[in-house]
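With the working numbering, the residue at position 47 of the sequence shown is 327, and numbering never jumps.
Everything on this sheet refers to the single structure shown next.
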Amino acid sequence: MSEKESEPATTWMPVTAEERLVVEAMKRGRPISRNVIRDSANADTFGARLADRVARFGGSWTFILIFLSFLAGWTLLNTAILGPRREAFDPYPYIFLNLFLSMLAALQAPVIMMSQNRQGEKDRLHAANDYEVNLKAELEIRGLHDKLDLLRTMDWQDLVAQQRRQIELLTELVERQDGRRGA
């Protein structure tokens, strides 16, 4: 896109730094889209990836079923199997189980929050990339509209010029006809 062609696309709106980068990419014919998922995956730390895995597993049906099985097993073991023999290591009301569940919740909550924060950052990167791509598409469409308007104007001017020429020719023909009749 030449300098003159890009002018109409930028005159209709204020241009921020990000928008200027998009316009520069358009001028140079460079793509603006990028793989945000790959870019963010390359920047991930071990802790961030671990937080995502823990949150993904903690929010799955597999975790729920395993956890329900664990709770049922704990309760069954301490109540029905070891309870009657008075050998239960955590008799009802399961104080040790409550401690374990509290510690699990205390660890799981910040891990899930870290994962959500990372997901929010990924969403912001996606939104910024989408904005840049949409802006470029909008500017390209605007440029195409300007070119179509220019072509339409040029065609209109050509048609008007042809019509004038045809009127001149018709006028000459009418004058010749009138000249022959008068003679």
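The C-beta atom is built at its ideal place from N, Cα and C for all residues, glycine as well.
Where residue i falls, given that 16 or more other Cβ within 10 Å makes a residue buried
i	result
VAL440	exposed
SER395	buried
LEU415	buried
LEU419	buried
ASN322	exposed
ALA331	buried
MET306	buried
GLY302	Note that residue 302 is Val in the sequence shown, not Gly. Its Cβ being crowded by 16 or more others within 10 Å, VAL302 is buried.
ASN315	exposed
ALA335	buried
ASN378	exposed
ARG365	exposed
Whole-number beta carbon distance between residue j and residue i, since they are thought to touch under 8 angstroms
i	j	result
ILE392	GLY309	Rounded, the Cβ-Cβ distance is 44 angstroms, inconsistent with contact.
ALA328	ARG398	6 angstroms
ILE312	GLU401	With a Cβ gap of about 20 angstroms, ILE312 and GLU401 do not count as contacting.
* Asked: When the Cβ atoms of the region 419 to 430 are set against those of the region 353 to 372, are three or more pairs found closer than 8 angstroms?
  -> no
* Quick one: any contact between the region 401 to 410 and the region 337 to 347, if contact means 3 or more CB pairs under 8 angstroms? -> no
* Asked: In the region 363 to 447, which residue ranges form an unbroken beta strand (DSSP E) of at least 3 residues, counting only runs that do not cross its ends?
  -> none
* Unbroken stretches of the alpha helix (DSSP H), 4 residues or longer, contained in the region 309 to 345 -> 316 to 323 and 326 to 338
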